[in-house]
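A.B. asks:
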Amino acid sequence: MLTIIRRLGGSFVNYSLIRRLVFLAIIIIAVSFVWLFYFFNTAEKRNGTAKVVGTIIYKNSPVYDAVVKIGEEETTTDVYGNFTFPQLAYGKQKLIISKKQFYTQEKNVLIWRKNTSLRKIFMKRDPAFSGALIGVVINNFDKRPIGGAQVEIDGQKTTTNDQGAFDFTDVGTGDQIIKISAIDFWDKEEIVTIANESSRAILEKNKKEIALTPYGKLSFTSMREGKKNIYTINYDGTGLANITGRWGGESWGGHLTPDGKKIVFYSTLENPTATSAKNIALYVADIDGSHEPQRISREILPEGDFAVSRNGQYATFLGRNFGDAMPEIYLVGLYDKSWQKLTDNNIFESDIDISPDGSQIVYAAFADDSRDIFLINTKKYTEKKITSSFDYEALPRFSPDGKNILYVRDGFDFSSRIFSYSLITEKEEEIYKSSVAVDNVAWSKDSERILFSSIRDGQGALFTIGKDSDRENRLTDQPVEYQNIIWPDIQKIVAMTTKSGTGSNLLVMDLSSRKITNISSITDDIVSWGAR
7 MLTIIRRLGG SFVNYSLIRR LVFLAIIIIA VSFVWLFYFF NTAEKRNGTA
57 KVVGTIIYKN SPVYDAVVKI GEEETTTDVY GNFTFPQLAY GKQKLIISKK
107 QFYTQEKNVL IWRKNTSLRK IFMKRDPAFS GALIGVVINN FDKRPIGGAQ
157 VEIDGQKTTT NDQGAFDFTD VGTGDQIIKI SAIDFWDKEE IVTIANESSR
207 AILEKNKKEI ALTPYGKLSF TSMREGKKNI YTINYDGTGL ANITGRWGGE
257 SWGGHLTPDG KKIVFYSTLE NPTATSAKNI ALYVADIDGS HEPQRISREI
307 LPEGDFAVSR NGQYATFLGR NFGDAMPEIY LVGLYDKSWQ KLTDNNIFES
357 DIDISPDGSQ IVYAAFADDS RDIFLINTKK YTEKKITSSF DYEALPRFSP
407 DGKNILYVRD GFDFSSRIFS YSLITEKEEE IYKSSVAVDN VAWSKDSERI
457 LFSSIRDGQG ALFTIGKDSD RENRLTDQPV EYQNIIWPDI QKIVAMTTKS
507 GTGSNLLVMD LSSRKITNIS SITDDIVSWG AR
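Numbering (this note's numbering), first residue to last: 7 to 538.
(1) By DSSP, does Gly251 sit in helix, in strand, or in coil?
(2) The beta strand (DSSP E) spanning Ile186 covers which residue range?
(3) According to the neighbour-count rule (16 or more other Cβ atoms, all chains shown, within 10 Å of its Cβ), is Gly232 buried or exposed?
(4) Pull up the distance between the alpha-carbon of Asp516 and that of Tyr488, whole angstroms please.
(5) Go ahead and label Thr529 buried or exposed: buried means 16 or more other beta carbons lie within 10 angstroms of its beta carbon, across all protein chains shown.
(6) Closest to Pro68 by CA distance: which of Arg150, Gly54, Ile32, Ile159 is it?
(7) Do the CB positions of Ser422 and Val444 come within less than 8 Å of each other?
(8) Mind checking Tyr86: buried by the 16 CB within 10 Å criterion, or exposed?
(9) Whose C-beta lies closer than 8 Å to the C-beta of Arg12 among residues of the same chain, with five residues either side of it excluded?
(10) State the start and end residues of the unbroken beta strand (DSSP E) segment that holds Arg326.
(11) So, at 7 Å on beta carbons, what are the nonlocal neighbours of Ala537 in its own chain, with the 5 sequence-adjacent residues on each side left out?
(12) List the residues that DSSP assigns as beta-bridge partners of Arg480.
(13) Would you check if the distance between the CB atom of Gly137 and the CB atom of Asn202 is smaller than 8 Å?
(14) Here's the rule I'm using: 16 or more other beta-carbon atoms within 10 Å means buried, otherwise exposed. How should Gln465 be labelled?
(15) Using 10 angstroms around the beta-carbon of Lys185, count the other beta-carbons present and answer buried if the total reaches 16, otherwise exposed.
(16) Suppose contacts are defined by Cβ-Cβ distances below 8 Å. Is His261 in contact with Ile532 by that definition?
(17) What did DSSP end up calling Leu30 once you bin it into helix, strand or coil?
(18) Thinking C-alpha only, which one of Ile430, Phe418, Asn383, Val368 is nearest Leu401?
(19) Would you please state the rounded distance, in angstroms, between the beta carbons of Phe404 and Pro362? I believe it to be under 8 Å.
(20) Identify whether Leu288 lies in helix, strand or coil by the three-state DSSP scheme.
(21) So, for Lys51: in the same chain, excluding its five sequence neighbours on each side, which residues have a beta-carbon less than 7 Å away from its beta-carbon?
(22) Do you know whose CA, among Ala207, Thr165, Leu139, lies nearest Phe174's CA?
(23) Cα-Cα, which of Ile33, Ile103, Ile35 is closest to Gly60?
(24) Run through the DSSP bridge pairs and tell me what Asp416 is partnered with.
(25) Whose C-beta lies closer than 6 Å to the C-beta of Ala49 among residues of the same chain, with five residues either side of it excluded?
(26) For the beta strand (DSSP E) that contains Leu513, what are its first and last residues?
(27) Return the bridge partner residues of Asn121 from the DSSP annotation.
(28) Quick check: the Cα distance between Arg462 and Asn511, rounded to an integer number of angstroms?
(29) What number of angstroms, rounded off, separates the C-alpha of Thr508 from the C-alpha of Ile306?
(30) Given a threshold of 16 other Cβ atoms within 10 Å of its Cβ, counted over all protein chains shown, does Ile475 qualify as buried or as exposed?
(31) Check whether the Cβ atoms of Lys409 and Ile392 sit closer than 8 Å, and answer yes or no.
(32) Count the other CB atoms within 10 Å of the CB of Tyr320; is the residue buried (16 or more) or exposed (fewer)?
(33) Alpha carbon to alpha carbon, how far is Ile35 from Lys113? Give it in angstroms, no decimals.
(34) Phe354 by DSSP, collapsed to three states: which one?
(35) Comparing C-alpha positions only, which one of Trp449, Val486, Ala467, Ile189 sits nearest to Lys473?
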């Protein structure tokens with residue numbers, strides 16, 4: 007070969023430019039053919055192995071759990087349609103792909119690099135196994151459609167429209183798992199049976215309705231299993247669960263942390279058969295039962311009020327040493343187990359509440375012949391009285407943004423007024439006045455509106471007012487007395503309890519429709535709310 011090139015090269019200088027270029031091209035092509043011949047002839051004889059990866063697609067969706075075989079090796083695709091062979095011999099191999107309801111594909115592939123990535127492989131479904139599904143996703147609480155929900159079935163995904171509707175036109179027949187997710191709702195999976203049907207009329211007739219449960223749990227006490235235990239339930243009435251029954255003893259007065267992960271409660275679980283008050287303690291426990299309850303009241307006998315900070319880090323409670331006449335206020339860390347005794351006096355505190363970050367405690371108490379509101383700074387160990395009237399003041403509540411304290415003042419003129427005390431300006435402002443008593447108060451999540459209950463013409467009623475306006479909006483018109491009222495963070499519902507015989511009922515109101523749903527019968531005790 008070299009001899010020929012040398013001989014030709016002798017006359018190369020006499021060639022024109024075009025002939026020179028043609029000559030060079032012939033030489034390059036000849037060398038390339040020699041190299042390719044050598045490679046293909048020796049590729050199958052190489053020692054070692056190669057890694058081979060690929061992806062299998064149907065239309066625009068990955069094909070999950072397809073069987074992929076190359077030579078004698080076999081694997082399956084993952085949820086993304088990917089497959090991997092870590093060690094395959096070099097050379098020509100036969101690739102076979104199979105999956106139920108799809109045509110089997112066979113093709114030859116050449117493995118010639120240490121890391122070989124195959125082109126995307128597209129599957130074809132057997133028309134005999136192609137079906138369709140029409141459905142709608144709704145809110146299980148108010149039965150309204152959920153727009154923007156993500157729906158997935160057989161590797162295909164879609165989003166519901168404003169009417170909650172979804173439509174799949176090419177789904178594998180038989181039993182399929184459908185997955186639905188939406189903001190503010192629990193994810194859901196269930197099995198649906200897909201028939202080989204394309205008639206729109208029949209599909210509409212058999213439209214699938216899927217109800218999602220909204221986030222948010224309520225806790226309450228019940229004796230439905232023979233003794234006091236704390237239960238949680240979704241606010242649409244589903245998912246009833248006994249939280250404290252696994253630990254023994256009796257438990258009551260539960261208060262969920264706002265994130266719904268922990269619960270603070272009274273219990274006799276360390277002495278289940280004891281009836282003495284000295285065996286009652288305050289505990290914190292994980293809702294999922296992953297850890298045993300921790301006693302947070304130490305040797306102090308808890309009694310009366312307690313509250314949990316909005317950040318879920320702290321609890322404040324009233325308690326006393328056994329034999330003492332007056333309880334005091336304590337602060338405990340629910341995670342770091344920190345401990346503070348905040349008061350040491352001869353007055354009876356009540357109506358305690360804690361700021362969102364746990365840095366301040368507010369309470370009501372009789373002192374100097376009047377009932378006033380007091381504020382404790384837990385970081386600076388300072389305390390001050392923030393009201394100075396001779397009226398009766400009660401129900402102090404921190405706003406969710408931590409900037410204001412709401413409280414009720416009952417006057418000697420038989421009026422009932424709602425005040426807001428600014429923690430920034432340290433001034434109070436009257437925002438509502440009524441000739442009848444205000445029994446309960448609660449803030450909206452955005453700290454802009456206030457919910458309260460009152461008796462009008464012998465009937466209990468719920469009202470809302472703006473933080474900066476005394477114009478009331480009546481929510482209910484029923485001859486009942488509302489006890490506990492809760493305005494959850496989602497704000498579109500209100501939860502409350504009403505008397506019922508020897509116990510109470512737990513109710514939830516849809517604020518847009520004003521419809522009230524009876525969720526459960528409960529013991530006459532406090533209720534609380536957790537986000538999940």
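Note that the Cβ used here is the ideal one computed from N, Cα and C, for glycine as well. This one's a predicted model, so the numbers in the text were calculated from it and none came from an experiment.
C.D. replies: Looking at the coordinates:
(1) Translated into the one-based positions of the sequence shown, residue 251 becomes position 245. The DSSP-derived three-state label of Gly251 is helix.
(2) The sequence position of residue 186 within the sequence shown is 180, counting from 1. 180 to 187 is the span of the beta strand (DSSP E), which, as asked, contains Ile186.
(3) Counted from its first residue, the sequence shown places residue 232 at position 226. Gly232 is exposed by the Cβ-count criterion.
(4) Residue 516 sits at position 510 when you count from the first residue of the sequence shown. Residue 488 sits at position 482 when you count from the first residue of the sequence shown. Each residue's Cα considered, the two are about 16 Å apart.
(5) Along the sequence shown, one-based indexing puts residue 529 at 523. Flag for Thr529 reads buried.
(6) Counted from its first residue, the sequence shown places residue 68 at position 62. If we check each option's Cα against that of Pro68, Ile159 comes out closest.
(7) Working through the sequence shown from its first residue, we reach residue 422 at position 416. Working through the sequence shown from its first residue, we reach residue 444 at position 438. Contact: yes.
(8) Taking the sequence shown and counting its residues from 1, the one referred to as residue 86 is at position 80. Counting Cβ neighbours within 10 Å, Tyr86 comes out exposed, since fewer than 16 surround it.
(9) Against the sequence shown, residue 12 aligns to sequence position 6. For Arg12, the pLDDT reaches just 49, beneath the cut-off of 50, and the residue's location in the model is therefore unreliable, leaving the point undetermined.
(10) As a working mapping, residue 326 is identified with position 320 in the sequence shown. Counting along the chain, the beta strand (DSSP E) containing Arg326 begins and ends at 320 to 326.
(11) To locate residue 537, count along the sequence shown from 1; it is residue 531. In its chain, beyond the 5 residues on either side, Tyr221, Gly222, Pro264, Asp265, Gly266, Asp495 have a beta carbon closer than 7 Å to the beta carbon of Ala537.
(12) To locate residue 480, count along the sequence shown from 1; it is residue 474. Answer is Phe469, bridged to Arg480.
(13) For the purposes of this step, residue 137 is identified with residue 131 of the sequence shown, where counting begins at 1. For the purposes of this step, residue 202 is identified with residue 196 of the sequence shown, where counting begins at 1. Against a cut-off of 8 Å, the Cβ pair of Asn202 and Gly137 comes out as a contact.
(14) To locate residue 465, count along the sequence shown from 1; it is residue 459. So Gln465 ends up on the exposed side.
(15) Here residue 185 is taken as the residue at index 179 of the sequence shown, counted from 1. By the neighbour-count rule (16 or more Cβ atoms within 10 Å), Lys185 is not buried but exposed.
(16) Translated into the one-based positions of the sequence shown, residue 261 becomes position 255. Translated into the one-based positions of the sequence shown, residue 532 becomes position 526. Yes; because the gap between Cβ atoms is below 8 Å, this pair is in contact.
(17) Stepping through the sequence shown from its first residue, residue 30 is reached at position 24. Looking at Leu30 - three-state DSSP - the assignment turns out to be helix.
(18) Taking the first residue of the sequence shown as 1, we reach residue 401 at position 395. The option with the nearest alpha carbon to Leu401 is Val368.
(19) Sequence index remark: in the sequence shown, residue 404 carries index 398 (1-based). Sequence index remark: in the sequence shown, residue 362 carries index 356 (1-based). With 8 Å as the limit, Phe404 and Pro362 qualify as a contact, their Cβ atoms being about 6 Å apart.
(20) Position 282 of the sequence shown, counted from the first residue, corresponds to residue 288. Three-state result, Leu288: strand.
(21) In the sequence shown, counting from the first residue as 1, residue 51 sits at position 45. Confidence at Lys51 is low in this model, with a pLDDT of 45, below 50, so its placement is unreliable and the value that follows should be read with caution. For Lys51, there are no CB contacts under 7 Å within the same chain when 5 residues up- and downstream are skipped.
(22) Taking the first residue of the sequence shown as position 1, residue 174 is located at position 168. Selected option, being the one with the closest Cα: Leu139.
(23) The residue you call residue 60 lines up with position 54 of the sequence shown. Among Ile33, Ile103, Ile35, the Cα nearest to that of Gly60 belongs to Ile103.
(24) Here residue 416 corresponds to residue number 410 of the sequence shown, with the count starting at 1. According to DSSP, which records beta bridges pairwise, Asp416 is partnered with Tyr398, Ser422.
(25) Locating residue 49 in the sequence shown gives position 43, where the first residue counts as 1. Note that Ala49 scores a pLDDT of 49, beneath 50, so its modelled location is shaky and nothing firm can be said.
(26) Within the sequence shown, residue 513 is the residue found at index 507, counting from 1. DSSP places Leu513 in the uninterrupted beta strand (DSSP E) bounded by 509 to 516.
(27) The sequence position of residue 121 within the sequence shown is 115, counting from 1. Asn121 pairs with Lys57.
(28) Mapped onto the sequence shown, residue 462 falls at position 456. Mapped onto the sequence shown, residue 511 falls at position 505. Roughly 21 Å separates the two Cα atoms.
(29) The count along the sequence shown starts at 1 and reaches residue 508 at position 502. The count along the sequence shown starts at 1 and reaches residue 306 at position 300. When only Cα atoms are considered, Thr508 and Ile306 end up about 31 Å apart.
(30) For the purposes of this step, residue 475 is identified with residue 469 of the sequence shown, where counting begins at 1. Inspection of the sequence shows that residue 475 is occupied by Ser rather than by Ile. It counts as exposed.
(31) Taking the sequence shown and counting its residues from 1, the one referred to as residue 409 is at position 403. Taking the sequence shown and counting its residues from 1, the one referred to as residue 392 is at position 386. Not a contact, by the Cβ cut-off of 8 Å.
(32) Working through the sequence shown from its first residue, we reach residue 320 at position 314. The Cβ neighbour count for Tyr320, taken over all protein chains shown within 10 Å, is at least 16; the residue is labelled buried.
(33) Locating residue 113 in the sequence shown gives position 107, counting from the first residue. Locating residue 35 in the sequence shown gives position 29, counting from the first residue. If you take the alpha carbons of Lys113 and Ile35, they lie about 29 Å apart.
(34) On the sequence shown, position 348 is the one that residue 354 refers to. Phe354 falls in the coil class under three-state DSSP.
(35) Here the question's residue 473 lines up with position 467 in the sequence shown. Among Trp449, Val486, Ala467, Ile189, the Cα nearest to that of Lys473 is on Trp449.
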